[in-house]
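> Structure provided below as structure tokens; questions to follow.
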Amino acid sequence: MRQAVGEELPPGPQLPRALQSCLLWRWPFEYLEQSSDRYGSRFTLRATSRPPLVFLSDPADVKAMFAAPAEVLHPGEGGAIIAPIVGERSFMLRDEEEHLEGRKRMLPGFHSKLVRRHRELVVKVAQREVASWPREVSFALHPPLRALTLEIVLRTIFGASGRPDDRCLYALRDRLLAMLAVTGSAVFPEPLLRHGPGRRIWERFLRTRAEVDRLLYAIIEDRACANGRSEGLLDRLLEACNADGSPISARQVRDDLMSVILAGHETTAAELAWAFQLLAHHPTVLEKLIGEIDEGAEEEYLTATIQEVLRHRPVFLFTIPRAVKQPIVLGGWTYRPPTQLLGCIYLLHHDPLLYPEPQEFRPERFLETGPAAYTWLPWGGGRKRCPGLHLAMLELKTVLRTVLASVTVLPAGRRIEHPRWRSVIVTPHAGSRVVLHRRR
Ligand code: HEM
Numbered sequence: 004m005r006q007a008v009g010e011e012l013p014p015g016p017q018l019p020r021a022l023q024s025c026l027l028w029r030w031p032f033e034y035l036e037q038s039s040d041r042y043g044s045r046f047t048l049r050a051t052s053r054p055p056l057v058f059l060s061d062p063a064d065v066k067a068m069f070a071a072p073a074e075v076l077h078p079g080e081g082g083a084i085i086a087p088i089v090g091e092r093s094f095m096l097r098d099e100e101e102h103l104e105g106r107k108r109m110l111p112g113f114h115s116k117l118v119r120r121h122r123e124l125v126v127k128v129a130q131r132e133v134a135s136w137p138r139e140v141s142f143a144l145h146p147p148l149r150a151l152t153l154e155i156v157l158r159t160i161f162g163a164s165g166r167p168d169d170r171c172l173y174a175l176r177d178r179l180l181a182m183l184a185v186t187g188s189a190v191f192p193e194p195l196l197r198h199g200p201g202r203r204i205w206e207r208f209l210r211t212r213a214e215v216d217r218l219l220y221a222i223i224e225d226r227a228c229a230n231g232r233s234e235g236l237l238d239r240l241l242e243a244c245n246a247d248g249s250p251i252s253a254r255q256v257r258d259d260l261m262s263v264i265l266a267g268h269e270t271t272a273a274e275l276a277w278a279f280q281l282l283a284h285h286p287t288v289l290e291k292l293i294g295e296i297d298e299g300a301e302e303e304y305l306t307a308t309i310q311e312v313l314r315h316r317p318v319f320l321f322t323i324p325r326a327v328k329q330p331i332v333l334g335g336w337t338y339r340p341p342t343q344l345l346g347c348i349y350l351l352h353h354d355p356l357l358y359p360e361p362q363e364f365r366p367e368r369f370l371e372t373g374p375a376a377y378t379w380l381p382w383g384g385g386r387k388r389c390p391g392l393h394l395a396m397l398e399l400k401t402v403l404r405t406v407l408a409s410v411t412v413l414p415a416g417r418r419i420e421h422p423r424w425r426s427v428i429v430t431p432h433a434g435s436r437v438v439l440h441r442r443r
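Numbering of the sequence shown is given in the numbering used here, commencing with residue 4 and proceeding in unit increments.
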């Protein structure tokens, strides 16, 4: 067992913490690749305001990490960075029994059968939004994609038949977009910056968060008093109880709703933004995809294209960190508190032994054999595995089909955009600038 004095964790860069934070923030792909080239499939990064982070990219290590007992690894604690948005009581930030209870309240709403019922809604919102996008000029797709995915998630949460009315829903959507602007700033992951030059950004966030909360609590109260029930997540939360039988508090409802709002729209919008970047820069793939969409019968190539987008540009470069609570042995190393472990999705997806020529964007690699367990992890895994993946797949397919039915996508720059952090995910740094060109 490797556990020598002075060598308690897998080796990693010896740079000062602030510099490591900076490199991970500014050049995440390069910093992860260089670290794995130098130190292998397990290395330790040390960032500011964080315990040591051990990055794992050996499928066996990642599998064992996902399978660890709930009391040994705490992903709720490891995800604390999003607490200012989702709130301390969010089920995402809980561990063990409380986390499981929270997931049980959410999961039925995202079951594949129920998600199929949202198809019409997704098509309607996508068609309306896409029709309003400019043609023949370069523009950044990410902002309208965020508005689109946010509207979809809000409508699925509140249900089709109940309140709020559209005016209220759009007011909430616009305040949420303003509030979440903070996630693009380094002030978000680094609390130290909130007191210096970043103070104004943080104060603006706190102000917009208060406005969002006012709107959300009004909707929660309104629905709690209403007689009619719809199939939305909000009604299910209002009917839910704590383990002791007491109803869950309005604060808890707010925090759970905000968790789904955050996790459910930023991710899908970012993945769509990458999909359009990759397609614009790979005209052969684009042409083949348009051919399949025009034929209208199959979606084999569309599915493979989305799987390849999720492999090539996973928006989560790594899983939510798992805080070690009790010593655990993985791959010959013993990890102890306060270390945090994370599965490095980006490195797994770019391992040439798992994916030959990993930097190539080639949907064909998934045509014959679909993605394999523990090497393709865009949804993470274990007890944190993304519960929204069916809704996300429906949105990805619908938006790509809707757009490509009438336009083709041209690149606005010479290269695919670099990544840029937004909270815990990465998006194209210039917002995925493209030109939508009318098809004949
Ligand atoms: C392309 C879009 C999406 C991607 C790539 C994605 C990916 C992920 C990943 C990697 C995790 C963390 C898993 C882990 O650490 O093991 C996660 C968690 C989560 N996702 Fe998604 N997601 C997407 C869309 C959605 C949607 C549409 C929803 C809901 C409407 C959603 C809701 C959630 C929630 C609630 C969690 C936290 C689960 C928990 O704490 O147990 N996601 N997602």
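We put the beta carbon where it would ideally sit given N, CA and C, even for glycine.
What are the start and end residues of the alpha helix (DSSP H) that includes residue 405?
Taken as a continuous stretch (DSSP letters only), the alpha helix (DSSP H) holding residue 405 covers 392-409.
> Starting from the C-beta of residue 83, find all residues in its chain whose C-beta is less than 8 angstroms away, skip the five residues before and the five after it, and write them out in chain order.
The answer, listed in chain order, is 96.
> Less than 8 angstroms separating the beta-carbons of residue 340 and residue 352?
No, Cβ-Cβ distance for residue 340 and residue 352 is not below 8 angstroms.
> Grab me the residues of residue 71's own chain with a C-beta within less than 7 angstroms of its C-beta, minus the 5 sequence neighbours each way, in chain order.
Excluding residues within five positions, the ones whose Cβ falls inside 7 angstroms are 331.
> Can you tell me whether DSSP reads residue 228 as helix, strand or coil?
It is helical.
> Does DSSP classify residue 51 as helix, strand or coil?
Coil at residue 51, not helix or strand.
> Within 10 angstroms of the Cβ of residue 290, are there 16 or more other Cβ atoms? Answer buried if so, exposed if not.
Exposed.
> Just mark residue 247 as buried or exposed, buried being the case when its beta carbon has 16 or more other beta carbons within 10 Å.
Burial call: exposed.
> If distances are taken between C-alpha atoms only, which option among 28, 376, 144 and 314 comes closest to residue 439?
With distances taken between Cα atoms, residue 439 lies closest to 144.
> What does the alpha-carbon distance come out to for the pair residue 6 and residue 336?
For residue 6, the pLDDT reaches just 47, beneath the cut-off of 50, and the residue's location in the model is therefore unreliable, although a value from the coordinates is still provided. Each residue's alpha carbon lies about 7 angstroms from the other.
> DSSP state of residue 25, grouped into three classes?
Correct three-state label for residue 25: helix.
> What separation, rounded to the nearest whole angstrom, lies between the Cα atoms of residue 47 and residue 406?
For residue 47 and residue 406, the distance between alpha carbons rounds to 42 angstroms.
> Nearest-angstrom Cα distance between residue 151 and residue 264?
C-alpha separation (whole angstroms): 13 angstroms.
> Are there any heavy atoms of ligand 1 lying less than 7 angstroms away from the beta-carbon of residue 404, as far as the coordinates show?
Residue 404: no, Cβ never under 7 angstroms from ligand 1.
> Between residue 235 and residue 160, which are expected to be in contact by the criterion C-beta below 8 angstroms, what is the C-beta distance as a whole number of angstroms?
With 8 angstroms as the limit, residue 235 and residue 160 qualify as a contact, their Cβ atoms being about 6 angstroms apart.
> Please determine whether the Cβ atom of residue 88 lies at a distance below 7 angstroms from any heavy atom of ligand 1.
Residue 88: no, Cβ never under 7 angstroms from ligand 1.
> How many angstroms separate the CA atom of residue 57 from the CA atom of residue 65?
Cα to Cα, residue 57 sits roughly 11 angstroms from residue 65.
> Of all the options 422, 22, 388 and 431, which has the alpha carbon lying nearest to the alpha carbon of residue 113?
Taking only the C-alpha atoms, the option nearest residue 113 is 388.
> Taking residue 21 as the reference, which of 424, 189, 120 and 315 has the closest Cα?
Nearest C-alpha to residue 21: 189.
> Hey, residue 429 and residue 318 are a contact pair by Cβ (cut 8 angstroms); roughly how many whole angstroms apart?
Between residue 318 and residue 429 the Cβ distance is about 6 angstroms, and since that is below 8 angstroms, they are a contact.
> Considering residue 314, what are the terminal residues of the beta strand (DSSP E) in which it resides?
Segment 303-315 is the alpha helix (DSSP H) holding residue 314; no beta strand (DSSP E) there.
> Helix, strand or coil for residue 413, going by three-state DSSP, please let me know.
DSSP places residue 413 in strand when its eight states are reduced to three.
> For ligand 1, is there any heavy atom lying closer than 7 angstroms to the beta carbon of residue 100?
No; taking the cut-off as 7 angstroms, the Cβ of residue 100 has no heavy atom of ligand 1 nearer than that.
> Which one or two residues does DSSP pair with residue 438 in a beta bridge?
Its beta-bridge partners are 141 and 413.
> Please report the distance separating the alpha-carbon of residue 15 from that of residue 42.
Going from the Cα of residue 15 to the Cα of residue 42 covers about 6 angstroms.
> DSSP three-state call for residue 343: helix, strand or coil?
Strand, per DSSP.
> Rounded to the nearest angstrom, what separates residue 8 and residue 194 at their Cα positions?
Confidence at residue 8 is low in this model, with a pLDDT of 40, below 50, so its placement is unreliable and no value can be given for it.
> Tell me which same chain residues have a C-beta within less than 6 angstroms of the C-beta of residue 256, skipping the five on either side of it?
If we look at residue 256 and ignore the five residues flanking it on each side, its Cβ neighbours are 223 and 240.
> Can you check which of these residues, 315, 367 and 213, is closest to residue 349 by C-alpha distance?
Nearest C-alpha to residue 349: 315.
> For a quick check, are the C-beta atoms of residue 59 and residue 346 less than 8 angstroms apart?
Going by C-beta atoms, residue 59 is nearer than 8 angstroms to residue 346.
> DSSP state of residue 361, grouped into three classes?
Coil at residue 361, not helix or strand.
> Between the alpha carbons of residue 153 and residue 269, how many angstroms are there, rounded?
Rounded to whole angstroms, residue 153 to residue 269 spans 8 angstroms at the Cα level.
> Report yes if the C-beta of residue 271 is less than 7 angstroms from at least one heavy atom of ligand 1; otherwise report no.
Yes.
> Start and end of the beta strand (DSSP E) containing residue 58?
Run containing residue 58: 56-59, per the beta strand (DSSP E) assignment.
> Tell me whether residue 229 is buried or exposed, calling it buried when 16 or more other Cβ atoms sit within 10 Å of its Cβ.
With fewer than 16 other Cβ atoms within 10 Å, it is exposed.
> Buried or exposed: residue 74, going by 16 or more other Cβ atoms within 10 Å of its Cβ?
Per the 10 Å Cβ criterion, exposed.
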